[in-house]
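Heads up: the sequence shown begins at 809 in the working numbering, then just goes up one per residue. Backbone N, C-alpha and C fix where the C-beta goes; we use that ideal spot for every residue, glycine too. None of the values given here were measured: they were computed from a predicted structure. I have placed the structure first, in the form of structure tokens, so that the comments after it can refer back to it.
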Amino acid sequence: MKNGLQEAAFQALARRGVQLEEMARLVQQVVQEQGMDLSLAECRNHLEKVLEKREVLYAILTGVTLDELAEAGALPEPLQEAVANDLPLYGVDEILATSITNIYGAVSLTRFGYLDKKKPGLVGLLNRKLKGGAIHTFMDDLVAGIVAATVARIEHAALKGAARLPGLEKSPPNGLATAAEG
């Protein structure tokens with residue numbers, strides 16, 4: 809059952825054209841690239857757990873609000889120009905997104921860097937502003953941060969043995985060593 813904060817964040821995502829199913833697909837794509845075989849339902853379950861975190865929900869609401877204010881031309885200059893044009897040296901959008909990745913540690917930050925650079929799937933679509941010419945300066949990075957955190961959550965669960973991931977018993981994802989292996 810969603811609380812008021814979670815409901816507000818989900819509504820904000822929906823207003824920006826972001827569906828949980830699309831994010832879950834991207835999570836599945838990234839974990840498959842890591843050699844793990846999870847169903848879309850399993851990926852969505854992990855995604856929903858990430859989206860229970862208060863810090864994540866507030867980050868979504870903050871970023872969406874700033875994107876919407878920029879679309880309305882309601883931010884003061886020079887902030888309006890920075891957000892409306894996603895200026896390369898602005899960086900606050902990435903900082904907000906990495907606040908999400910920090911919940912799941914360095915592996916999450918690494919996954920965010922990959923998603924931010926490669927811009928696969930929904931992240932790239934939002935970055936190119938193809939959804940009605942909307943401003944997604946924060947939204948593309950927030951989605952990347954949420955997906956990265958979800959992938960890291962899956963990897964942490966796999967290393968603990970909580971997830972049934974074929975092939976993981978041979979070696980951890982991406983060559984990560986367990987404490988016993990040094």
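Reducing DSSP to helix, strand and coil, say where residue i ends up.
| i | result |
| --- | --- |
| HIS854 | helix |
| SER916 | helix |
| ILE962 | helix |
| GLY975 | Any answer about GLY975 is weak, because its pLDDT of 45 lies below 50 and its placement is not dependable; what the coordinates show is given next. If DSSP states are grouped into helix, strand and coil, GLY975 belongs with coil. |
| LEU934 | helix |
Expressed to the nearest angstrom, what Euclidean distance is found between the alpha-carbon atoms of residue i and residue j?
| i | j | result |
| --- | --- | --- |
| LEU887 | TYR898 | 9 angstroms |
| GLY921 | THR945 | 16 angstroms |
| ARG823 | TYR866 | 16 angstroms |
| GLY964 | GLN842 | The displayed chain sequence assigns His, not Gly, to residue 964. HIS964 and GLN842: Cα-Cα distance of roughly 13 angstroms. |
| PRO854 | LYS927 | Pro is not the amino acid found at residue 854; the sequence shown has His there. If I take the Cα positions, the gap works out to 21 angstroms. |
| GLY825 | ARG961 | 24 angstroms |
| LEU950 | CYS851 | 17 angstroms |
| GLN836 | GLU856 | 14 angstroms |
| GLU876 | LYS810 | 24 angstroms |
Looking at residue i: is its Cβ nearer than 8 angstroms to the Cβ of residue j?
| i | j | result |
| --- | --- | --- |
| ILE943 | ALA849 | no |
| ILE954 | VAL891 | no |
| MET844 | ALA956 | no |
| LEU834 | GLY929 | yes |
| VAL959 | ASP948 | no |
| LEU923 | ALA952 | yes |
Below 8 angstroms on the Cβ atoms is my guess for residue i versus residue j; work out the distance and round it to an integer in Å.
| i | j | result |
| --- | --- | --- |
| VAL838 | ARG919 | 7 angstroms |
Segment contact flag, the region 810-823 with the region 855-864, C-beta cutoff 8 angstroms, min 3 pairs: These segments touch.
Given 8 angstroms, three or more beta-carbon pairs between the region 905-922 and the region 815-831: Contact between the region 905-922 and the region 815-831 is not established, with fewer than three Cβ pairs separated by less than 8 angstroms.
Cβ contact check for the region 867-875 and the region 893-912: 3 or more pairs under 8 angstroms: Yes, since at least three Cβ pairs between the region 867-875 and the region 893-912 fall closer than 8 angstroms, the two stretches touch.
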